[in-house]
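Since the structure comes first, as structure tokens, the remarks are kept for the end.
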Amino acid sequence: FFIFFLIFITFINFAYLETVFFYNIELNSAILLIFFLGIFLSLKNIFQIRKEQEWIASFISGKASSSQYKPVLLKDILNALNNIKDSNIDEKKSNILFERLVTKMDFDKEVNKYLIVLLVFLGLLGTFWGLLLTIDSVGKTIGDLSIEEENVLLTFLSLKEALKAPLSGMGTAFATSLFGLAASLSLGLIDLQFSKVQNDFLIYIEEKLYSLSKINLYRA
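Each residue of the sequence shown is one higher than the last, beginning at 286 in my numbering.
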């Protein structure tokens, strides 16, 4: 729903956002690419978690065989279930399997956090870049400024033309800040949803591991 909301906001403000985007095409393009990458990775991981949860539920209940789907996150658990046959999974083994699963999922979470911080960094980079352009342009404008009583109108027009560069620098600063901060906040909210899915999945797996006493394996 939040992604559809972002699409709607972008659609109704497309003309304004397009103008802002062209103030700094390079940095704004990088920000959008990283933002879309973060959304793609989050959705990919969410759908993978859902698939793995459905698989472990079907496998334990005997409705699915080990050959129907090859899990990625639960690969160690699958190997353990295939090796123990009718033996019990002791508590120590359950803890080891659960810790391995948490380690795998922590990497995906850290990638998302890094992308969020990177978006903020790119926004700030564009801000300082734009301010440097502004300062440099203002310095040149003041240095070239000369007031002549005979030609005040020409001086005014020259000053008006020279001020376009500083204003462009300010546009670069504010445009990249807008895109960077908006993208980081949006990706942060999506990451919160991803974290909730991860936590629910880990709780589910933890309950399954500690509740299993004997498992009848079904092989293809």
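Using N, Cα and C, we set each Cβ at its ideal position, and we do this for glycine too.
As the structure is a computational prediction, the values presented were derived from the model and not from experiment.
Considering only C-alpha positions, which residue in the set the options is nearest to residue i?
{"i": "ASN397", "options": "LEU416, ILE294, ILE288, PHE479", "result": "PHE479"}
{"i": "ILE381", "options": "LYS394, TYR399, VAL305, LEU359", "result": "LEU359"}
{"i": "GLU492", "options": "ILE475, THR419, ILE345", "result": "ILE345"}
{"i": "SER462", "options": "SER343, ASN309, LEU474, THR295", "result": "ASN309"}
{"i": "LEU326", "options": "TYR495, ILE475, LEU494", "result": "ILE475"}
{"i": "ALA460", "options": "LEU302, PHE286, ILE294, ILE297", "result": "LEU302"}
Would you give the residue range spanned by the alpha helix (DSSP H) that residue i belongs to?
{"i": "ASN298", "result": "Taken as a continuous stretch (DSSP letters only), ASN298 belongs to no alpha helix (DSSP H), as it is neither H nor E."}
{"i": "ASN509", "result": "Since the first residue shown for the chain is 286 and the last is 505, residue 509 is missing from the structure and cannot be characterised."}
Mapping the DSSP letters down to three states, classify residue i as helix, strand or coil.
{"i": "LEU359", "result": "coil"}
{"i": "PHE459", "result": "helix"}
{"i": "PHE383", "result": "helix"}
{"i": "TYR354", "result": "coil"}
{"i": "ILE490", "result": "helix"}
{"i": "PHE286", "result": "coil"}
{"i": "PHE413", "result": "helix"}
{"i": "PHE392", "result": "helix"}
{"i": "PHE307", "result": "coil"}
Identify, in the order they occur along the chain, each residue of the same chain with its Cβ nearer than 7 Å to the Cβ of residue i, setting aside the five sequence neighbours on each side.
{"i": "PHE392", "result": "none"}
{"i": "LEU403", "result": "ILE319"}
{"i": "VAL482", "result": "ILE331, ILE334"}
{"i": "LYS378", "result": "ALA365"}
{"i": "LYS394", "result": "SER480, GLN483"}
{"i": "TYR354", "result": "TRP340"}
Which same chain residues end up closer than 8 Å to residue i when comparing Cβ atoms and leaving out the 5 residues on each side of it in sequence?
{"i": "ASP361", "result": "LEU382, ARG385, LEU386"}
{"i": "GLU337", "result": "PRO356, VAL357, LEU358, LEU359, PHE486"}
{"i": "LEU494", "result": "ILE362, ILE374, SER379, LEU382, PHE383"}
Can you give me the Cβ contacts of residue i inside the same chain, cut-off strictly under 6 Å, excluding the 5 residues immediately before and after it?
{"i": "PHE306", "result": "ASN313"}
{"i": "ALA458", "result": "THR412, GLY415, LEU416"}
{"i": "GLY473", "result": "ILE401"}
Checklist line | the region 377-387 contacting the region 481-498, beta-carbon criterion three pairs below 8 Å | finding: Yes, the region 377-387 touches the region 481-498.
Next item on the list: Would you check if there are 3 or more beta carbon pairs closer than 8 Å linking the region 393-413 to the region 455-469?
Entry: Touching, yes.
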